[in-house]
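Notes to accompany the following structure.
Chains as they are written, first to last, in our numbering: chain A, -3 to 325; chain B, -3 to 325.
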């Protein structure tokens, strides 16, 4: 399957079992290639690429959110500089959302932007973060506060690589698909209420939602904000737990449960989440969560855009005084 | 005078004596404003802004190329984060090219891009670097190797602020205007062969050249490269002398003298430069200059785009093996 994303720069997404083995078909082997990956991504995946691009370079960063630091960013840039990479060479992200965000920001800013190819290896990144062009690192404990909008030239999604994920990681990523259903695609949401899940279909439909939204509003001045459903509180939960106790998707799930007001939708969502052992409530200190909301990069002085879902498949943006968010907690 | 630049994002340039005093007319005082400036910019200029925007914040960095470091970049981002600046707030660069590059890259990446206003205070930045959207910092002694294409929302050019520049700095910036004439505008070049120089006209015509070129090719995939005339060797001279002995414009002058093959044009250029006490030759070690050329970010493996002027007002891009550059030295 193939999706064409039409933004400031257009690019294809290939969704195909086994396409990692076929990377050569899609990537110009004449260029120099730097693969940025982390120490949790199975070595066999990068070896599959190394066999196809024997001259490529590999940069392995430590796994987890701490790789999205200015220090690791600098380290990656230095590697490219020392190897004298040109503007026409390629940076490949091979890994989850963290690697994509980091490598994407490196590619966005190295010599003012070089070719960026994303090969996501987690459900989370295949379903959501690998497309849309948001790349970023963290600073002073604030998530994604330094970054850019920078579109990849190609996204290669091989659902076979998901087989090595733990069940928890696998489910964690599905939360973004559930979110996509809730805000835009009732049929996608309904797929999670069935017994069997066709993961390729879930990825495909989720990306179609993201494509539709991002194409309308690449730089998040308007409708793109609906993709943040569950993320306003979700990011606060992430900061609160430092991603130790809960993963990103799990925090978004908590965030959606926090913000949902319609009891019927909330019940249906809770049932789906529980089936996948995803938490639906947590013990976070409410005052601390509220304080973290105020530092959200989407907060504008004392106002914040909150995304609400009042009917499955329909989201709306509500601009609220920050103080009103306390009532949700 | 007003120039409208039409790129991915369009913005006005105001060229007007005294417009610094009128900044309020152009800048939304309702937003928070961070002025990034350096310790060489006369304090009175930022005070003129502070009187108009009493609530603004000011970040003063050390002057000179060393401000374009990752450490200073981080420092500026941290200041914005700690003050909780939102995406709709404003970063103003008040200073020369260094401040514009640094503040522009901060604005380009803070929360994935906030409003950027450039108020250049040197001939160099008024004539050249404040428009076009190139922002960057340096790493590992390589100039502008980390950056972005990010357009300002407004450029405010007040020729009165040039009065406090030393003669050498004033002339240094004029080199980019001479370059603009050489590559695109014979009448602009001819102005330098007259006795009196109307600086407002020089700025205006230079910016028209830059506008014409940048609008055709914002991201420097083709014709925009002609703006680099003199810069290939110029950047190598800069790295060689670490900008101690020669300023940027002076290095570009040396670079133009190095690359010019037409003896008549070379003679006319030399006469103009000498009138302004700008060096036309230097004692740099040729082998070291050649080695520095190979690390230029415009070099692509063993090839480099060199800009040549064979007739005043006309430039062409020649793609050469790096090795051939030795012959110019």
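Idealized CB from N, CA, C, for every residue including glycine.
Nothing here was measured: the structure is a model prediction, and the numbers come from that model.
| field | 6 angstroms Cβ shell around residue 169 (chain A) - same chain, five flanking residues per side excluded | value | 118, 119, 120, 123, 245.
| message | Quick check on residue 132 (chain B): buried or exposed, where buried means 16 or more other Cβ atoms within 10 Å of its Cβ? | response | When all chains shown are included, residue 132 (chain B) counts as buried.
| request: Using a Cβ cut-off of 7 angstroms, pull out every chain A residue sitting near residue 132 (chain B), in sequence order please. | output: Result: 108.
| task | Report the rounded CA-to-CA distance for residue 70 (chain B) versus residue 146 (chain A), giving the unit in angstroms. | result | Residue 70 (chain B) and residue 146 (chain A): Cα-Cα distance of roughly 20 angstroms.
| request: Indicate the three-state DSSP secondary structure (helix, strand or coil) for residue 276 (chain A) in the structure shown. | output: Residue state, collapsed to three classes: coil.
| field | Length-filtered (3 minimum) beta strand (DSSP E) runs lying within the stretch 189 to 253 of chain B | value | Listed in chain order, there is nothing to give.
| query | With a CB to CB cut of under 6 angstroms and the five nearest residues on each side skipped, what residues in its chain are close to residue 175 (chain B)? | reply | The residues are 225, 226.
| Residue from A:164, A:76, A:291, A:43 with nearest C-alpha to residue 78 (chain B) | Just measuring C-alpha positions, the residue of A:164, A:76, A:291, A:43 sitting nearest residue 78 (chain B) is A:291.
| task | Enumerate, from N- to C-terminal direction, the unbroken alpha helix (DSSP H) stretches of 4 or more residues contained entirely within the stretch 138 to 183 of chain A. | result | Look at the stretch 138 to 183 of chain A and you find these whole runs of alpha helix (DSSP H), each 4 residues long or longer: 163 to 180.
| field | Length of the line joining the Cα atoms of residue 103 (chain A) and residue 128 (chain A) | value | Distance between the alpha carbons of residue 103 (chain A) and residue 128 (chain A) is about 15 angstroms.
| field | Nearest-angstrom Cα separation, counted from residue 95 (chain B) out to residue 111 (chain A) | value | Answer to the nearest angstrom: the Cα atoms are 28 angstroms apart.
| said: Given this structure, state the Cα-to-Cα distance separating residue 193 (chain B) from residue 212 (chain A), to the nearest angstrom. | reply: Residue 193 (chain B) and residue 212 (chain A) have their C-alpha atoms some 49 angstroms from each other.
| field | is_contact[residue 218 (chain B), chain C] using C-beta, thresh 7 angstroms | value | Absent here is chain C; the protein component of the structure consists of chains A and B.
| query | If you draw a straight line from the alpha carbon of residue 47 (chain B) to that of residue 62 (chain B), how long is it in whole angstroms? | reply | Taking the straight line from one Cα to the other gives about 29 angstroms.
| In terms of residue numbering, what span does the beta strand (DSSP E) encompassing residue 35 (chain B) cover? | Careful: residue 35 (chain B) lies outside any beta strand (DSSP E) and carries neither H nor E.
| Alpha carbon to alpha carbon, how far is residue 200 (chain A) from residue 250 (chain A)? | So the alpha carbons of these two residues sit roughly 24 angstroms apart.
| residue 310 (chain B) in three-state terms, based on DSSP | Correct three-state label for residue 310 (chain B): strand.
| query | Quick one: Cα of residue 82 (chain A) to Cα of residue 303 (chain B), how far? | reply | Residue 82 (chain A) and residue 303 (chain B): Cα-Cα distance of roughly 18 angstroms.
| field | Contact list for residue 73 (chain A) against chain B, beta-carbon separation under 9 angstroms | value | Those are 66, 135, 136, 141, 142, listed as they occur along chain B.
| Residues in its own chain within less than 8 angstroms of residue 84 (chain A) by CB, not counting five upstream and five downstream? | Beyond the five residues adjoining it in sequence on each side, residue 84 (chain A) comes within less than 8 angstroms, by CB distance, of 27, 110, 111 in the same chain, given in chain order.
| Strand pairing of residue 260 (chain A), partner residues [DSSP] | Answer is none; residue 260 (chain A) lacks a bridge partner.
| said: Only counting the same chain, and skipping five residues up and downstream in sequence, which positions put a Cβ closer than 7 angstroms to that of residue 56 (chain B)? | reply: If we look at residue 56 (chain B) and ignore the five residues flanking it on each side, its Cβ neighbours are 33, 34, 35.
| task | Could you work out which residues of chain A lie near residue 77 (chain B), taking near to mean beta carbons separated by less than 7 angstroms? | result | What residue 77 (chain B) touches in chain A, judged by beta-carbon distance under 7 angstroms, is 135, 136, 138, 141, going in chain order.
| Does residue 286 (chain B) get closer than 7 angstroms to chain A when you measure Cβ to Cβ? | Answer no: the Cβ-Cβ gap between residue 286 (chain B) and chain A never drops below 7 angstroms.
| task | Please check if any C-beta of chain A sits within less than 7 angstroms of the C-beta of residue 145 (chain B). | result | Under the 7 angstroms criterion on CB atoms, residue 145 (chain B) is classed as interfacial with respect to chain A.
| residue 130 (chain A) lies in the beta strand (DSSP E); which residues open and close that run? | That run of the beta strand (DSSP E) goes 130 to 135.
| task | Would you grab the beta carbon distance between residue 263 (chain A) and residue 253 (chain A) for me? Rounded to a whole angstrom, and I think it's under 8 angstroms. | result | The Cβ separation is near 11 angstroms, so there is no contact.
| query | By Cβ distance below 6 angstroms, which residues in the same chain neighbour residue 98 (chain A) in space, the five residues on each side in sequence not counted? | reply | Cβ neighbours of residue 98 (chain A) beyond the five flanking positions: 63, 64.
| field | Neighbourhood of residue 197 (chain B) by C-beta distance below 8 angstroms, restricted to the same chain and skipping five residues each side | value | The answer, listed in chain order, is 187.
| task | Counting only the same chain and skipping the five closest in sequence on each side, list residues whose C-beta sits under 7 angstroms from that of residue 298 (chain B). | result | Excluding residues within five positions, the ones whose Cβ falls inside 7 angstroms are 317, 318.
| field | Amino acids of chain B, ordered along the chain, whose beta-carbon sits closer than 7 angstroms to that of residue 105 (chain A) | value | Simply 142, 143, 144.
| Hey, how far is the Cα of residue 40 (chain A) from the Cα of residue 166 (chain A)? | Cα to Cα, residue 40 (chain A) sits roughly 19 angstroms from residue 166 (chain A).
| query | Of the residues A:150, A:43, A:171, which one's Cα is nearest the Cα of residue 126 (chain A)? | reply | The shortest C-alpha separation from residue 126 (chain A) is found at A:150.
| said: I'd like to know if residue 70 (chain A) contacts chain B, where contact means its C-beta is closer than 7 angstroms to some C-beta of that chain. | reply: Yes, its Cβ sits closer than 7 angstroms to a Cβ of chain B.
| request: Specify, as a first and last residue, the run of the beta strand (DSSP E) that residue 56 (chain B) falls within. | output: First-last of the beta strand (DSSP E) with residue 56 (chain B): 53 to 57.
| query | Going straight from the alpha carbon of residue 195 (chain A) to that of residue -3 (chain A), what length do you get? | reply | About 13 angstroms.
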